[in-house]
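Student:
Chains as they are written, first to last, in my numbering: chain Z, 1 to 400; chain A, 401 to 772.
1. Bridge partners for residue 471 of chain A per DSSP, in chain order?
2. Would you say residue 672 of chain A lies against chain Z (beta-carbon separation less than 8 Å)?
3. How many angstroms separate the CA atom of residue 329 of chain Z from the CA atom of residue 297 of chain Z?
4. Quick check: the Cα distance between residue 758 of chain A and residue 478 of chain A, rounded to an integer number of angstroms?
5. Within 10 Å of its beta-carbon, does residue 215 of chain Z have 16 or more other beta-carbons around it, so buried, or fewer, so exposed?
6. If I follow the unbroken beta strand (DSSP E) through residue 346 of chain Z, where does it start and stop?
7. Just mark residue 642 of chain A as buried or exposed, buried being the case when its beta carbon has 16 or more other beta carbons within 10 Å.
8. If I'm right that residue 58 of chain Z touches residue 11 of chain Z with Cβ under 8 Å, what's the distance once you round it to whole angstroms?
9. Would you decide whether residue 607 of chain A is buried or exposed? Buried here means 16 or more other CB atoms lie within 10 Å of its CB.
10. For residue 493 of chain A, would you say it is in contact with chain Z, using Cβ-to-Cβ distances shorter than 8 Å as the test?
11. For the stretch 686-704 of chain A, which residues have a beta carbon sitting closer than 9 Å to at least one beta carbon of chain Z?
12. For residue 762 of chain A, which residues in the same chain have their Cβ closer than 7 Å to its Cβ, ignoring the five residues on either side in sequence?
13. Compare the Cα-Cα distances from residue 489 of chain A to each of A:455, A:474, A:520 and report the closest residue.
14. Please list, in chain order, the residues of the stretch 308-330 of chain Z that have any C-beta partner in chain A closer than 7 Å.
15. Would you mind stating whether residue 688 of chain A and residue 326 of chain Z have Cβ atoms separated by less than 8 Å?
16. Quick check on residue 467 of chain A - is its C-beta less than 8 Å from some C-beta in chain Z?
17. With a threshold of 6 Å on Cβ separation, who are the neighbours of residue 665 of chain A within its own chain once the five nearest residues in sequence on each side are excluded?
18. Compare the beta carbon distance of residue 90 of chain Z and residue 60 of chain Z with 8 Å and say whether it is the shorter of the two.
19. Give the range of the beta strand (DSSP E) segment to which residue 553 of chain A is assigned.
20. Once DSSP output is grouped into helix, strand and coil, what is the label at residue 401 of chain Z?
21. If you run the structure through DSSP and keep just helix, strand and coil, what is residue 293 of chain Z?
22. In this structure, does DSSP put residue 589 of chain A in helix, strand or coil?
23. If you scan the stretch 601-671 of chain A from start to end, which runs of the alpha helix (DSSP H) of 4 or more residues do you find wholly inside it?
24. Just checking, does the stretch 671-678 of chain A make contact with the stretch 433-449 of chain A on the three C-beta pairs under 8 Å criterion?
25. Using the beta-carbon of each residue, which ones in chain A are nearer than 8 Å to residue 286 of chain Z?
26. Does the beta-carbon of residue 92 of chain Z have 16 or more other beta-carbons within 10 angstroms, so that it is buried, or is it exposed?
27. How would you write the range of the alpha helix (DSSP H) that residue 254 of chain Z sits in, first residue to last?
28. Around the Cβ of residue 100 of chain Z, are there at least 16 other Cβ atoms within 10 angstroms (buried) or fewer (exposed)?
29. In whole angstroms, what is the alpha-carbon distance linking residue 45 of chain Z and residue 56 of chain Z?
30. For chain A, check one thing: does any of its Cβ atoms lie closer than 8 Å to the Cβ of residue 350 of chain Z?
31. Can you tell me whether residue 299 of chain Z is buried or exposed, with buried defined as 16 or more other CB within 10 angstroms of its CB?
32. Between residue 194 of chain Z and residue 141 of chain Z, what straight-line distance do the alpha-carbon atoms span, to the nearest angstrom?
33. With residue 383 of chain Z and residue 355 of chain Z assumed to form a contact (beta carbons below 8 Å), what rounded beta-carbon distance in angstroms separates them?
34. Would you list the residues sitting across from residue 533 of chain A in a DSSP beta bridge?
35. Any beta carbon from chain Z within less than 8 Å of residue 532 of chain A's own beta carbon?
36. Which same chain residues, not among the five before or five after residue 227 of chain Z, have their C-beta less than 8 Å away from its C-beta?
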């Protein structure tokens, strides 16, 4: 058993997440907090272990400190293994020089030796910017049944949304016959979820060829998939019909958190058969005070709530003082909302202090021109001073 | 810690004082404060004080304790050198089920002798407090004490005194009188059942105890040799609560609703560790109303909760009103129920529209796994 793993996961976690700007200045996107006690990377890591995939390489590059620290030895996800387990894979120096990861395909190319150590039949390529629960093993079975060389997980989206994604055009047997990146007039509504299973020997061949092509952009969507199609390989689409959300923008991150509060949206974190694991904080239970009002919200350990919380996701160790009002918002770990402060339709980052009388965000119905409205965002470690105002759509990354 | 210290925890002591809760578990594994077991406090105190070798002495019913402690990883005690050791009773000649602390120590004397520690901290699991052992050990060394006992100066009831050891102390801090289970009330120096000795001293009293057939540390060493040994008292003033009855257990939990007590019990620099359960955050539904309560991860609250301790994974259904109660792990309360001054143990199921009422002086206890 110590010589082979059937399937190894490679998780692309090096992206800057520039559209999450204020929240990713000091941490990579997969380390961004989500859902009251998680970080985005908890979802692919938990999916891996729940699917029986116990060997995961996490490819990091941008601001890796928080992410590496968080992953540690992988113990919270049961990924601390004698053989296998989770490994952080930042770019490294070689005898021939040092190279950053340039594009997704190049990042995997540079880590061929990592995957080869486990002599896998298959690799699954994941990304660290989606919230979903998925059995990768079911997808692997499908890949094997179909005798495919590459299997791409797809989600049936609406026609309007389709132009935001990479779209797969398939025949009646789910074979991918064509592929379009963000088409203006989509020919199909099957959007790529950024989850790929490859037969490793095949992928390796295309990665090496791509690397030798000096004109290539070294990207999966732009090079590897089209190259494999041209090369006559068998590419199939694997339809997924559960909850899946890209949290690449501040708005979608906010929405994905709010989805947890909506009983009609099928993302169940309370399912004992598919637990989402995370690094648990060492804090006492939350205290909800005598004058607190808490409804339709999620509140994590170590919080102290004396104000009003409605339609909000409150992370661990947050203090909400008496008379403070937090509605339709996300408050990340360790932040303090002082008495009389108001936070509406906002994301407040880690370890912020919102002083009394400050007002962050606004309800959409109070804004005359809807184009002026959006989620207000306060980055990490920021103090919003007394009576200061952060307008809707405003993004704060320095003290105000 | 500058000195090498071995921790010994007695997980089974005082079980008869809350016999309902210890029917199927040790004193150390009694649930407390929404997400803890009683042993978490003493074990975290040891870990936070730099004690990196701990033995936990058990007697019976220790399955839940083994499950809770595992390898000791949560307390950073899964170590190659030292770390956490569970010490169930050995069954070799002269050992087996022990009658007192001294006899229990004799049963694990191989473990104690093998340790390279210079000092030994012994503690029970019946005190809920945050304690740094470093200044106590320093004082122990400074005063050249044979034994240092940790006590607190409290106003106690006769019921508490009957479950306690009470000390007389002279102006130098030396113990000059030991009363075990006295019928007194008022202000007293109450033992917190935490003792520091050198390993050498412990070795000698264990061996002598075995030879002379002594088995109780309190009766035969503390009380029997008060004037022979230099026994010093160390007063602990921080928040502490002794659990000696169902009512005191109830009160100790309710103490956590006071922010001052919480701040003393959970200081930022001395976290209380416990077994991880990977629950999602607690969820409060539309129409939920929660006041003055402690709510752990994984709870789902749809009803009204006031002055309660809700453990991990507890559920309160729509229209139910739960007041002044302790709702343990994974208890499910249906819809339109009314609970007042109730303690539900783990995995209790309460069907819709049930009304359960106890009193603060006699909380209604519902046993583990009961369905009502």
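Note that beta-carbon positions come from the ideal geometry of N, C-alpha and C, so glycine has one too.
Tutor: Quick look at the numbers:
1. The sequence position of residue 471 of chain A within the second chain is 71, counting from 1. Paired residues: none, contrary to the question.
2. Numbered from its first residue, the second chain carries residue 672 of chain A at position 272. Answer yes: the Cβ-Cβ gap between residue 672 of chain A and chain Z drops below 8 Å somewhere.
3. Counted from its first residue, the first chain places residue 329 of chain Z at position 329. Counted from its first residue, the first chain places residue 297 of chain Z at position 297. In this structure, the CA atom of residue 329 of chain Z is about 10 Å from the CA atom of residue 297 of chain Z.
4. Locating residue 758 of chain A in the second chain gives position 358, where the first residue counts as 1. Locating residue 478 of chain A in the second chain gives position 78, where the first residue counts as 1. Approximately 42 Å, taken between the alpha carbons.
5. Position 215 of the first chain, counted from the start, is the residue given in the question as residue 215 of chain Z. Exposed, because fewer than 16 other Cβ atoms sit within 10 Å of the Cβ of residue 215 of chain Z.
6. To locate residue 346 of chain Z, count along the first chain from 1; it is residue 346. In the DSSP assignment, residue 346 of chain Z falls within the beta strand (DSSP E) that extends over 346-348.
7. Along the second chain, read from residue 1 onward, the residue named residue 642 of chain A stands at position 242. Residue 642 of chain A is buried by the Cβ-count criterion.
8. Against the first chain, residue 58 of chain Z aligns to sequence position 58. Against the first chain, residue 11 of chain Z aligns to sequence position 11. 5 Å between Cβ atoms; contact.
9. Along the second chain, read from residue 1 onward, the residue named residue 607 of chain A stands at position 207. Residue 607 of chain A should be labelled exposed.
10. Residue mapping note: residue 493 of chain A aligns to position 93 of the second chain, counting from 1. Low per-residue confidence applies at residue 493 of chain A: pLDDT is 45, beneath 50, and the placement is therefore not dependable, though the value from the model is reported in the following sentence. Answer no: the Cβ-Cβ gap between residue 493 of chain A and chain Z never drops below 8 Å.
11. Listed by position, the residues of the stretch 686-704 of chain A near chain Z (Cβ gap below 9 Å) are 686, 687, 688, 689, 690, 691, 692, 693, 694, 695, 696, 697, 698, 699, 700, 701.
12. Your numbering for residue 762 of chain A matches position 362 in the second chain. Excluding sequence positions up to five before and after residue 762 of chain A, its CB lies less than 7 Å from no other CB in the same chain.
13. Mapped onto the second chain, residue 489 of chain A falls at position 89. Checking every option, the nearest Cα to that of residue 489 of chain A belongs to A:455.
14. Listed in chain order, the positions of the stretch 308-330 of chain Z with a beta carbon within less than 7 Å of a beta carbon of chain A would be empty, since no residue qualifies.
15. To locate residue 688 of chain A, count along the second chain from 1; it is residue 288. To locate residue 326 of chain Z, count along the first chain from 1; it is residue 326. No, these two residues do not count as a Cβ contact at 8 Å.
16. By one-based count along the second chain, residue 467 of chain A stands at place 67. At a cut-off of 8 Å between C-beta atoms, residue 467 of chain A does not count as an interface residue with respect to chain Z.
17. Sequence index remark: in the second chain, residue 665 of chain A carries index 265 (1-based). So the list reads 530, 639, once near-sequence residues are dropped.
18. Your numbering for residue 90 of chain Z matches position 90 in the first chain. Your numbering for residue 60 of chain Z matches position 60 in the first chain. A contact, by the Cβ cut-off of 8 Å.
19. Residue mapping note: residue 553 of chain A aligns to position 153 of the second chain, counting from 1. Element bounds for residue 553 of chain A: 547-556.
20. Since the first residue of chain Z shown is 1 and the last is 400, residue 401 of chain Z is not available in this structure.
21. Position 293 of the first chain, counted from the start, is the residue given in the question as residue 293 of chain Z. Strand.
22. Position 189 of the second chain, counted from the start, is the residue given in the question as residue 589 of chain A. Residue 589 of chain A: strand per DSSP, three-state reduction.
23. Counting whole runs of 4 or more residues, the stretch 601-671 of chain A contains the alpha helix (DSSP H) stretches 646-655, 659-665.
24. With a cut-off of 8 Å, the stretch 433-449 of chain A and the stretch 671-678 of chain A count as touching, because enough Cβ pairs lie within range.
25. Counting from one through the first chain, the residue named residue 286 of chain Z turns up at place 286. Correct list: 682, 694, 695, 696.
26. If you number the first chain from 1, residue 92 of chain Z lands on position 92. That one is exposed.
27. Against the first chain, residue 254 of chain Z aligns to sequence position 254. Start and end: 250-259.
28. Position 100 of the first chain, counted from the start, is the residue given in the question as residue 100 of chain Z. Exposed is the call here.
29. Residue numbering aside, residue 45 of chain Z sits at position 45 when the first chain is read from its first letter. Residue numbering aside, residue 56 of chain Z sits at position 56 when the first chain is read from its first letter. Note on geometry: alpha-carbon atoms of residue 45 of chain Z and residue 56 of chain Z lie some 8 Å from one another.
30. Position 350 of the first chain holds residue 350 of chain Z. So no, residue 350 of chain Z is outside the interface.
31. Locating residue 299 of chain Z in the first chain gives position 299, where the first residue counts as 1. Here residue 299 of chain Z is buried, its C-beta having at least 16 other C-beta atoms within 10 Å.
32. Reading the first chain from its first residue, position 194 is the one you call residue 194 of chain Z. Reading the first chain from its first residue, position 141 is the one you call residue 141 of chain Z. Taking the Cα positions, residue 194 of chain Z is about 18 Å away from residue 141 of chain Z.
33. For the purposes of this step, residue 383 of chain Z is taken as residue 383 along the first chain, with counting starting at 1. For the purposes of this step, residue 355 of chain Z is taken as residue 355 along the first chain, with counting starting at 1. Taking the Cβ atoms as the reference, residue 383 of chain Z lies roughly 7 Å from residue 355 of chain Z, within the contact range of under 8 Å.
34. By one-based count along the second chain, residue 533 of chain A stands at place 133. DSSP output for residue 533 of chain A lists no bridge partner at all.
35. Taking the first residue of the second chain as 1, we reach residue 532 of chain A at position 132. Taking Cβ atoms only, chain Z never reaches closer than 8 Å to residue 532 of chain A, which makes this a no.
36. Start at 1 with the first residue of the first chain, and residue 227 of chain Z comes out as number 227. Around residue 227 of chain Z: 206, 209, 210.
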